[in-house]
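Below is one structure, written out as C-alpha cells, with a few remarks after it.
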Ligand code: B12
Ligand code: B12
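Put into C-alpha cells, the structure is as follows:
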C-alpha cells in the first residue's frame, strides 16, 4: 500500500476538496495521511518523513499558491525527500491565467505534476498509480 | 409642416417600431404618411410623389435590408425625388456585423443617414429637424 | 369552397394537393406513399410527437433554439453545432422571409447571393427552393427531431415538403401565421390554407405516422395579454384537431411577471384539453411551449443573459414541456452559431438546476389561472356566437369585429384597438379593450391593476404607459430614472 | 476574562483597545474621536445601515459583488469600475488571506511582490497593512457604501481600521468567521474577538453613528442545511445586539431549490426578529442578504451565467434586501474586473425585471418555513440548555457536543458528523444527524425526503449521495448520464 500525504498549503482553509480527495484516495487503495488545511511546507515534510511517504499532494485553492509553494522542492530535497513525488493542484494562481504558462512555472518550481482547477480525483488516482508503479 | 413617408421595406412584417415611429413623429409635429409593413420601393416612391414628401424613412428589421434596398436611390432619382431625404434604420443587415462597414455600404447606396439597431425615435426626430431646416 | 370548421374530405384534399404540388418546381418531387414508408422508418427519438409525449414524465423542460441559414451545408453545420455544443433537445429550421411570402424567385436570388458573397443573405432556410431531398439531408444529419418554424400564411407546399422530408413537426396556424405575419391576406384564406396543412398531418396520422403541430403562441411578441394568445392557441388547436391532428403543442410567450407566466402556461394546457374534450376530440395529446421573451431585447449581451436565464427559470417553474430559447444577439441580428449555442447552454443549465421543481400552486397562481380562463371563455363564447356555432367562421367574424384583437399586429384584418400595459408587478393588463367582449367585472379588474401602478408612479393610465412598456424590457433607462428619483426623495 | 453573552463595559473595552491598536503599526493612526467626526459627515447614501434601512421600501433586491486586490490604486480602480459599469448598489473590500490569519508580514511580502510583478499577488486587499488613511482614500473614491468582507477569526484591529476609515459595514462573526475559516482557533476566542468588534460598533452607535453588521451566512457554502446556517446567523445576531449593534443583515447561501431558498430567507428574517424581541433587543433593524450559490461553480462561463441569473431570480422571489453576486470566473480564480461587472449586470437585469415580484406565500412555502423554524428552535433550545442560559457559553458547548455541526468545515472544533444531500427536487436535507438534537418527527421528515429520491434513482441513502451532490451544481455529468439512461429506457 502506497502512502500519500495530502493537505492544503498556506493560509488556505478550503476544506471540501481536501475531504473529498481523502475519501476517494482511500477508496482507491492508498494510505492517506491528511494534514488538512492551513498546512505549512514543514508540516508536509514532517508528515512525509514520519510516514515514509511515496507522494505529497499539495492543494492550493485560494490563490496564494505561487507564494506559498516557493522553495518547497528545495526543502524536500534538503530533508532527503528528493525522490518523493510532488503534485500540486487546485486553483493554484490568482485569477484566470494561461494554463500552459502556469503549469510551466510550477514544473520549474520542481513539481512533478501540476493540475488545473476542477481536476477530478480520478485523474489524481490514475496518475499516482502510473507514477508509483 | 414637413411630410415624411415611413414604412417597412420588402417582405418584412415587423410592425411595432413602425407604429411607434408613427406616433412619435406625429407627436413631434411631422405629417406622417405611414405605408406600413411589406412595402416595396415603388410604394415608398408613389407615396412620396403623391404627398410631395420631404423625407422617406425606410425601416428594415428582418435582415434582408441589403437585398431590398438595392437600387432604391436610383429609382428615387428617376422618379424626380433626387432631393428627398432618404434615411434607413432598424436591423438592416443579417446578423452582428461591424457597424462602420454596414453604414458605409448603405451610404454608398445613396442613403443620407443610416441608423443602427435600437435607435431611439428621438434621434430620428432631431436629425430630421436638422436636415429639413 | 366555403369556410367551415370541418374535416376536408379525402377526395377534395387530394384534388387540392395537385394544385399545391404544382405551385413550384420542387413540389413534383413529393411521393406521399414513399414518404410514409420513409417516415415509418424514423426512430422514435427523431420523432417530435413521440419525444414530446415521452417528455411528460421527464422532470425538466426540453429546449429548442431558432436557427436557419440560406444554404444546405451551412444549415447542417449550424444544426449539428447546436445539437452538440448547445445540447438542444429539439432542432428547428427557421425559414427565410421570402419563402414565407411565397416569393420563391427572390429566395432564389438570396441563395445565389449567399453563394456569391459566402455569407447567408437570407434570414432563414428556403425550404421550398431546396426541396425534399435536401431537406431530408438536413434531418438525417442530426439525432433529434426537426421542426419547421416560419410565419407563412400559405405554407401548404412548404408543409408537404417538410413532412415528406421527415421533419416531424410544423409550427403555425391560420391566425398565428397571418395576423402577426401579413398585411393583406384575408383570414378566410389562411384558415383554409392551414386546414390543408393540418389535413395533411391527419392524412399521415391515419396511416400510422405521428406528427406534431404547434400553433405560434407569442403572436406579435409585444405586450400580448394571455387571454388573447391563449384564445388564439385554443382556436388553432380545435381547428387542427378537426383535421385529424393528434399531437399539439400550445405556445405562450413570456411576459415577465412570473405568476402571470406560470398561470398562463397552466391555464393554456388545461383549457386546451378542456375544449378538446368538450368538442369531442378525445385522443389529442397536448403539450406546451414557453417562448423566452419575444419582444425587443436588451442590447447589452450580459443583460440578455440575465433575461434569457430568468425566462428559463419561469419556463421550468411553469412546467412547460419545452422552451424556445433566445440569444444575446437578439437585439442586433441573426445570431452566430456560437451565440445561439450560448443561449441554449444558459437555458439548459437553468432547467437542469430546476429539475423536479415547479411553482407551488397557491391561491395567487390559482386566481391568475381563473382570471385567464374566464377571459378566454368570454372571448370564445362570443366567437362561437358570431360564427353561428362554427369556429372557423366565428374566428373571421371575431377579428372583423375586434372581439379578438392582437396588439401591434400588421394585418389590416386585425382591429388594432386594444392597448395593453404592465401593472405594478409587471403583469400585462389591458387598458383599452376595443371590442373584446369582457364583462364589467373583468374590465374593472384590469383597470384597477393598472390604476395601482399609475398611483405608484404618479401618472395617468394611458397610451404613454403602453409606449414605455414597449421599451421596458429592452431599455431600462426610464425605470432607472424613476429609481434614482426615489433614492433622492427624502420622504420615503 | 470569562466568556459570557454580556455587553463589555466601556472601561474594559477601552483597556482592550489599547492592546488591539498596538498589535500592528497601523493601529496607532486611529483616533476614535476624530473618526466619529469623520463618520458624522458621511452622507446618508454612503452609509450602509441607512441605505439598507431605506431599501426596505424599494421594490427590488440591492446588489453587491465581492472584490479586492493588493494595492490601493488598483483597488480603487476596481471598485469604481464595479460601481459605474456593474451598477453595484453596495461595494465590498474583500480582504486577503494572510491578513485574515493576522499574518501581516506575509501580507507585506504580497504587497511588495504585487508591486514588483505588476499584478495582484494577494487574493484580497490587505486592510491592516494599508491602514486608515489609505482605507479612507478607497471609501472616498466611490459613491456607495463600503463594507469589509473577510473571514478573519481575529478581526479586531481590522475592524478598528475600517470603521475609522468610513467603511460602514463589517461582515463576520464569532462562529461564521471561525468554523469555516480556521482549523485551530477555539470558539471562545473568536466569540470574544467578535464581541469586541460588535462592541466597537455599539460604541459608535452610542455616539450617533449607524453602522451595519453582517454575520456570514453561507458558512462553508457546501450543502449547509438552512437550519444550521440560520441558527448560526441568529446566534451571531443576538450576540451582536447584546454589544449594542442596531443594524444587522442576516445572510443565507443559495442551495438551489427555490421553495427552500425562499422559505429559508423568510424564516431567517422572521426568526431573527422574533428572537431579538424575545431577548429584549427591540430597536434592532434586520435585513437579509442572499448569496448566489457559494459551492463549486460550473467551469463553463455560459452555464455560470445561467446559475448566476437563476440565483438572482431566487433572491428576488425571496424578497431578500440585498444579494452577493458571483462571476463566470468563479470556478477558475479571482475574476477580472470585467467578469466581475458582468456578474453584477446579469444579476441587476434580473432584479430589475422582477421589481415588485415575490414568491406567493402558499402552503408549500409556509410548510417549508415552519420546518426550518422548528428545526432552528430545537437546536437553539438545546444550545441554551447546555449553556445554562448563556448563549455564548452554550454556543461553545453546542459545537463541542455536535449540537451545531457544519458540513465540510475545516475547524477541529466542529464535530463534522453531519451529512447532507439533495432530495428529489434539489432541496438540501440531512441524512446523518450526528448530535443535532432533532425530534424523531423532524428526522423522519428528512429521511423520507431523501428516501423518495433514492427510490427514484434506484440507489441507497448514503455518503455517495453527499459526494455526488458536492459536484451536482458544478458538473452535471452524472445527471446527464442518468437522463440519457432514462431516454433509452423503453418502459417509461
Ligand atoms: C417582435 C419581433 C418579431 C415579431 C414581430 C411582430 C410584428 N409583426 O411586428 C415576430 C415574432 C412576428 C417576428 C418575426 C420575425 N422576425 Co423578428 N424580431 C422581433 C424583435 C424581438 C423585436 C422587434 C421590435 O418590435 N422591437 C421594438 C421596436 C420598438 O423597436 P424596433 O423595431 O427596433 O424599431 C425602433 C428602432 O429600430 C427605430 N427604427 C426602426 N426603423 C427605423 C428607421 C429609421 C430611418 C430610423 C431613424 C429609426 C428606425 O425606431 C423604432 C422605434 O423605437 C426583434 C429583435 C429585437 N429588437 O430585440 C426581432 C428581429 C427583428 N426579428 C428577426 C427575424 C429574423 C425575424 C423572422 C425572420 C423570424 C426569425 N428568424 O426569428 C420573422 C420575420 C417575419 C417577417 N417576414 O418579417 C431578426 C432580424 C435579423 C437580422 N436583421 O439579422 C431580429 C433582429 C431578431 C434576431 N436577432 O434574429 N419578429
Ligand atoms: C466553497 C468555497 C469557499 C468556502 C470554503 C469553505 C471551506 N472551508 O472549505 C468559503 C466561502 C469559506 C471560501 C472562502 C474563501 N475563498 Co473560496 N471558494 C469556494 C469555491 C466556491 C468552491 C471550492 C470547493 O469547495 N469546490 C469543491 C471541491 C470538491 O473542489 P476543489 O476544491 O476544486 O477540489 C477538487 C479539485 O480541485 C482537485 N484538487 C484539489 N487539490 C488538488 C491537488 C492535487 C495534487 C490534485 C491532483 C487535485 C486536487 O480535487 C478536488 C476534489 O474533486 C471556490 C470556487 C469554485 N471552485 O467554484 C472558491 C475559491 C477557491 N475561493 C477563492 C477565494 C479567493 C476565497 C477567499 C479569499 C474569499 C474570497 N475572495 O472570496 C476565502 C479564502 C479563505 C481562506 N483563507 O482560504 C477563490 C480563489 C481564487 C484564485 N485562486 O484566484 C475561488 C477560486 C473563487 C474565485 N474565483 O474567486 N471559499
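Residue numbers (the working numbering), protein chains in the order written: chain A, 88 to 220; chain B, 88 to 220; chain C, 687 to 1178; chain D, 687 to 1178. A virtual CB, placed ideally from N, CA and C, is assigned to each residue, including glycine. Keep in mind it's a predicted model, so treat the numbers as computed, not measured.
(request) Quick one: measure Cβ to Cβ for residue 1107 (chain D) and residue 1151 (chain D), integer angstroms, because I've assumed they're closer than 8 angstroms. (result) Indeed, because the Cβ distance is near 4 angstroms, the residues count as touching under 8 angstroms.
(request) Assign residue 989 (chain C) to buried or exposed, taking buried as 16 or more other Cβ atoms, counted over all protein chains shown, within 10 Å of its Cβ. (result) When all chains shown are included, residue 989 (chain C) counts as buried.
(request) Step through the CB atoms of chain A and report whether any lies within less than 9 angstroms of the CB of residue 1015 (chain D). (result) Yes, contact with chain A.
(request) Give the interface partners of residue 1132 (chain D) over in chain E, defined as CB-CB distance under 7 angstroms, in chain order. (result) Looking at the structure shown, chain E is missing, and the protein chains on hand are A, B, C and D.
(request) Can you tell me which of the three DSSP states residue 1036 (chain C) falls into? (result) If DSSP states are grouped into helix, strand and coil, residue 1036 (chain C) belongs with the helices.
(request) Tell me whether the beta-carbon of residue 888 (chain D) lies closer than 9 angstroms to the beta-carbon of residue 862 (chain D). (result) No. Outside cutoff.
(request) Count the C-beta pairs between the stretch 1026-1039 of chain D and the stretch 736-744 of chain D that are closer than 8 angstroms, then say yes if the count reaches three, no if not. (result) The stretch 1026-1039 of chain D vs the stretch 736-744 of chain D: no contact.
(message) As a quick exercise: from D:923, D:776, D:766 and D:846, pick the residue whose alpha carbon is nearest that of residue 1078 (chain D).
(response) Checked all of D:923, D:776, D:766 and D:846; the closest Cα to residue 1078 (chain D) is D:923.
(request) For the alpha helix (DSSP H) holding residue 1151 (chain C), just list the boundary residues, first then last. (result) Its alpha helix (DSSP H) spans residues 1149-1157.
(request) Look up residue 121 (chain B) in the DSSP assignment and say whether it is helix, strand or coil. (result) Strand at residue 121 (chain B).
(request) List the residues of chain D that residue 154 (chain A) touches, going by C-beta distances under 8 angstroms, in chain order. (result) Correct list: 792, 795, 796, 799 and 807.
(request) Pull up the distance between the alpha-carbon of residue 722 (chain D) and that of residue 732 (chain D), whole angstroms please. (result) Residue 722 (chain D) and residue 732 (chain D): Cα-Cα distance of roughly 15 angstroms.
(message) Output needed for residue 122 (chain A): all residues of its chain with C-beta closer than 7 angstroms, excluding positions within five of it in sequence on either side, in chain order.
(response) Here the set comprises 92, 94, 130, 131 and 134.
(request) Determine the DSSP secondary structure at residue 876 (chain C), reduced to helix, strand or coil. (result) In the structure shown, residue 876 (chain C) falls within a helical segment according to DSSP collapsed to helix, strand and coil.
(request) Assign residue 777 (chain C) to one of three DSSP states: helix, strand, or coil. (result) DSSP places residue 777 (chain C) in strand when its eight states are reduced to three.
(message) Does residue 104 (chain A) come out as helix, strand or coil in the three-state DSSP assignment?
(response) Of the three classes helix, strand and coil, the one that applies to residue 104 (chain A) here is helix, per DSSP.
(request) Could you say which of C:1158, C:1100, C:1041 and C:864 lies nearest to residue 1002 (chain C) if we only look at CA atoms? (result) It is C:1041.
(request) Kindly indicate which residue of C:811, C:1155 and C:1170 has the alpha-carbon position closest to the one of residue 759 (chain C). (result) Among C:811, C:1155 and C:1170, the Cα nearest to that of residue 759 (chain C) belongs to C:811.
(request) Please classify residue 185 (chain A): is it buried, with 16 or more other beta-carbons within 10 angstroms of its beta-carbon, or exposed? (result) Residue 185 (chain A) is classed as exposed because its beta carbon has fewer than 16 other beta carbons within 10 Å across all chains shown.
(message) ligand 2 and residue 942 (chain D): does any heavy atom of the ligand fall closer than 8 angstroms to the residue's C-beta?
(response) Outside the cutoff, so no.
(request) Could you name the residues of chain A that residue 787 (chain D) contacts, counting a contact when the two beta carbons are closer than 7 angstroms? (result) Those are 98, listed as they occur along chain A.
(message) Under DSSP, the alpha helix (DSSP H) around residue 950 (chain D) begins and ends at which residues?
(response) Unbroken alpha helix (DSSP H) run through residue 950 (chain D): 944-964.
(message) When you compare the CB positions of residue 1140 (chain C) and residue 943 (chain C), do they come within less than 9 angstroms of one another, or not?
(response) The criterion of a C-beta distance shorter than 9 angstroms is not satisfied by residue 1140 (chain C) and residue 943 (chain C).
(message) For residue 797 (chain D) and residue 756 (chain D), which I take to be in contact (beta-carbon distance under 8 angstroms), what is that distance rounded to the nearest angstrom?
(response) Taking 8 angstroms as the upper bound for CB-CB distance, residue 797 (chain D) and residue 756 (chain D) are in contact here, some 6 angstroms apart.
(request) Examine chain D for any beta-carbon lying closer than 9 angstroms to the beta-carbon of residue 952 (chain C), and answer yes or no. (result) It does not: the Cβ of residue 952 (chain C) has no partner Cβ on chain D nearer than 9 angstroms.
(request) Mind listing the chain B neighbours of residue 1094 (chain C)? Cutoff is C-beta to C-beta under 8 angstroms, in chain order. (result) One finds 102, 103 and 106 in chain B with Cβ atoms closer than 8 angstroms to the Cβ of residue 1094 (chain C), taken in chain order.
(message) Which of the three DSSP states is assigned to residue 819 (chain D) in this structure?
(response) Of the three classes helix, strand and coil, the one that applies to residue 819 (chain D) here is helix, per DSSP.
(message) For residue 110 (chain B) and residue 1087 (chain C), I'd like the C-alpha separation in whole angstroms.
(response) So the two alpha carbons sit approximately 24 angstroms from each other.
(request) Determine whether the Cβ of residue 869 (chain D) lies closer than 9 angstroms to any Cβ atom of chain A. (result) Taking CB atoms only, residue 869 (chain D) has a neighbour in chain A less than 9 angstroms away.
(message) Alpha carbons only, please: which of C:795, C:855 and C:885 is nearest the one belonging to residue 736 (chain C)?
(response) Ranking C:795, C:855 and C:885 by CA distance to the CA of residue 736 (chain C) puts C:855 first.
(message) Please tell me whether residue 1144 (chain C) has its Cβ less than 9 angstroms away from any Cβ of chain D.
(response) Closer than 9 angstroms: no.
(request) Determine the closest residue to residue 790 (chain D) out of D:1092, D:713, D:825 and D:767, with distance taken between C-alpha atoms. (result) Among D:1092, D:713, D:825 and D:767, the Cα nearest to that of residue 790 (chain D) is on D:713.
(message) Looking at ligand 2, does it come within less than 8 angstroms of residue 1070 (chain C), judged from the CB to the closest heavy atom?
(response) Incorrect: residue 1070 (chain C) has no Cβ contact closer than 8 angstroms to ligand 2.
(request) Determine the direct distance from the alpha carbon of residue 1029 (chain C) to that of residue 836 (chain D), and round the result to whole angstroms. (result) The alpha-carbon atoms of residue 836 (chain D) and residue 1029 (chain C) are separated by roughly 35 angstroms.
(request) In the DSSP assignment, find the unbroken alpha helix (DSSP H) run with residue 770 (chain C) in it and report its ends. (result) Unbroken alpha helix (DSSP H) run through residue 770 (chain C): 758-770.
(request) Scan the stretch 1016-1031 of chain C for residues whose Cβ lies nearer than 9 angstroms to a Cβ of chain B and list them as they occur along the chain. (result) Within the stretch 1016-1031 of chain C, the qualifying residues are 1017, 1018, 1019, 1020, 1021, 1022 and 1025.
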